[in-house]
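For reference, the structure is listed below as structure tokens.
Below, the structure written as structure tokens:
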């Protein structure tokens, strides 16, 4: 995993560095099973690689348009072996789950209070995830 991350982090097209988020993902990928003391699975190597690939795609497609806003607000493990990346913007929040079966799902939250709207999709493609990230960050 470390070699993969180092190779990808050195492939920079712009001055926006993915190193901090890739380091965070590497730390999460090293969590042992039962990391939450409730029987959580270790982060899946497949989810780790797919999360890194997603970040590279986001960087290449969106950095010229939004700069360092491409960087996720947070990354977190999920008890089923998945990883979650979260983006926040004035337009809303987006949580993307990268699953061990190589699929993606997301929850997009827009608005506040009684105007708050939720869009949730499962089993989406990488291109669908890139589309929703770009809608959130470019809008």
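Numbering (our numbering), first residue to last: 878 to 1016.
For glycine and all other residues, C-beta sits at the position ideal for the given N, C-alpha and C.
Bear in mind the structure is a predicted one, so any value in this text is a computation, not a measurement.
Sufficient close CB pairs (3 or more, under 8 Å) joining the segment 986-997 to the segment 948-957: no
Burial state of residue 886 (16 or more Cβ within 10 Å): Per-residue confidence for residue 886 stands at a pLDDT of 46, beneath the threshold of 50, marking its modelled position as unreliable; no derived number is given.
Contact check, residue 961 vs residue 1012, beta carbons under 9 Å: no
Host beta strand (DSSP E) of residue 947 (start-end): No beta strand (DSSP E) contains residue 947, which DSSP labels as neither H nor E.
Residues that residue 970 bridges to, as DSSP identifies them: 965 and 986
Contacting residues, own chain, Cβ-Cβ under 7 Å from residue 923 (five flanking each side not counted): 977 and 979
Inter-residue CB distance, residue 929 and residue 905 (contact presumed, cutoff 8 Å): The pair is not a contact, with the Cβ atoms about 11 Å apart (cut-off 8 Å).
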